[in-house]
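Colleague:
Residue numbers (the working numbering): 374 to 424.
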């Protein structure tokens, strides 16, 4: 199993935890289907609050 980003739609549709379990082979298929879900993250990330 590997970690990979998921969409909010996938989270909302998930009924069992194993529905969001992925292998290395799954990740390449996911990129083909969804594109790079991390694309643009550095432009939209907000700074963390100061302690």
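Each residue gets a CB set at the ideal place from its N, CA and C atoms; glycine is no exception.
Values in this document were obtained by computation on a predicted structure and should not be read as measured data.
Leaving out the 5 sequence neighbours to the left and right, which residues in its chain are closer than 8 Å to residue 396 when beta-carbon positions are compared?
Modeller: 374, 375
Colleague: For residue 379, name the three-state secondary structure that DSSP assigns.
Modeller: Correct three-state label for residue 379: coil.
Colleague: Run through the DSSP bridge pairs and tell me what residue 395 is partnered with.
Modeller: 375
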